[in-house]
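Numbering (the numbering used here), first residue to last: 25 to 98. All C-beta atoms, glycine included, are put in the ideal place defined by N, C-alpha and C. The structure under discussion appears below in the form of structure tokens.
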């Protein structure tokens, strides 16, 4: 499910959202999938579910959608 406006703002403000292991601007590394090994910073949360989806700004400057299970702190 898409985050509500308030949940999106909570993410940006580094407030706790149940089920999220990461916060806005956390620097992470991709550990599985086709982009494995790339790093970047989380800029938004796009989906709240068992495996939340974030937008990750890669070091290259491009943005991708990535599942929480695919990343770890970099």
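Is it buried or exposed, residue i, if we count other Cβ atoms within 10 angstroms and call 16 or more buried?
i          : result
residue 55 : exposed
residue 35 : buried
residue 51 : exposed
residue 43 : exposed
residue 61 : exposed
Which first and last residues belong to the alpha helix (DSSP H) in which residue i is found?
i          : result
residue 97 : No alpha helix (DSSP H) contains residue 97, which is instead part of the beta strand (DSSP E) from 95-97.
residue 34 : 29-36
Name the residue from the options whose alpha carbon lies nearest to the alpha carbon of residue i.
i          : options        : result
residue 96 : 87, 85, 86, 57 : 57
residue 76 : 45, 39, 29     : 45
Between which two residues does the beta strand (DSSP E) containing residue i stretch?
i          : result
residue 80 : 77-82
Excluding the 5 residues preceding and the 5 following residue i in the sequence, name in chain order all residues of the same chain whose CB lies nearer than 6 angstroms to its CB.
i          : result
residue 68 : 79
Check the C-beta distance from residue i over to residue j and give it rounded, since I have them as a contact under 8 angstroms.
i          : j          : result
residue 74 : residue 89 : In fact, because the Cβ distance is near 16 angstroms, the residues do not count as touching under 8 angstroms.
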